[in-house]
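Okay, structure first, notes after.
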Amino acid sequence: GQNGGFGGGQASSSDSSVLLTINGGNIFVNAGGDGLDSNGNIVMNGGNVTVLGPTSDGDTALDFDGAFTINGGVLMAFGSSGMLETPTSAQNGCIVTTLGTVSANSAFSLMDSSGNVIMSYTPTKNYASAIVYSSDIKNGSTYMVTAGSTTQSITVNSNVTTNGVSGGFGGGQNGGFGG
């Protein structure tokens, strides 16, 4: 239904009074549609959150109309890539990877340059994107992401680092080494 309100005002797509706050706990979401969904903002201060989001491109693992701020905790969100929304800001490093479709039960892992596994998970359904956050992901460091048979190297250079690999127009990966 609609949410009412007082004093008129104008309707907007984002309602700043709507807030989903996660302070702790172990949260597991297996969604056919949107995973974490807020018509306003999302703030994550702690906890272990795993989202197995939608496989359809019309929905997304993280859906918000305002801002998504990560102050702590561990987040692993897997889903489609068609409507991908990425966190607005994060305390340390948040890595967003766009992959080709990876089949269900294909392991996802994030390793540091020494080969230590920082996080890993095996989604039980197809996924085409992964959004991961941990205080162990540091700005300026390079990480190896493996998803099924796909491996890519990602250097974290901002609070939220996105590295998309897609066939797209002109094909191929951009990037490269050295320089």
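The numbers in the sequence shown follow the numbering used here, run straight up by one, and end at 787. Beta carbons are placed, not taken as given, at the ideal position from N, Cα and C, and that holds for glycine.
For Ala-738, the uninterrupted beta strand (DSSP E) segment begins and ends at 735–742. Using a Cβ-Cβ distance cut-off of 8 Å, the stretch 671–680 and the stretch 720–727 are not in contact, since fewer than three pairs of beta carbons, one from each stretch, lie closer than that value. Excluding the 5 residues flanking it on each side, Asn-638 has same chain C-beta neighbours closer than 7 Å at Leu-660, in chain order. Per DSSP, Gly-641 is not a residue of any beta strand (DSSP E), being assigned neither H nor E. Just measuring C-alpha positions, the residue of Gly-666, Ala-685 and Ser-749 sitting nearest Thr-730 is Ala-685.
Secondary-structure assignment with DSSP links Gln-760 through a beta bridge to Val-753. Using a Cβ-Cβ distance cut-off of 8 Å, the stretch 702–710 and the stretch 747–761 are in contact, since at least three pairs of beta carbons, one from each stretch, lie closer than that value.
Its chain contains Ala-675, Phe-676 and Thr-677 as the residues whose beta carbon lies nearer than 7 Å to that of Thr-696, once the 5 sequence neighbours on both sides are disregarded; these appear in chain order. Counting along the chain, Leu-670 sits inside the beta strand (DSSP E) bounded by residues 670–672. Distances from the CA of Phe-636 to each of Ser-646, Ser-743 and Ala-669 were compared; the closest alpha carbon is that of Ala-669. DSSP places Val-626 outside both helix and strand once states are collapsed to three, so it counts as coil.
Within the same chain, Val-657 and Tyr-741 come within 6 Å of Leu-683 by CB-CB distance, once the 5 residues on both sides are set aside.
By the CB criterion at 8 Å, Gly-687 and Tyr-735 fall inside the cutoff. Distance between Leu-692 and Thr-732, taken at the CA atoms: about 19 Å. Each residue's CA atom was taken as its position, placing Asp-645 and Met-652 some 13 Å apart. Per DSSP, the unbroken beta strand (DSSP E) holding Asp-720 starts and ends at 716–720.
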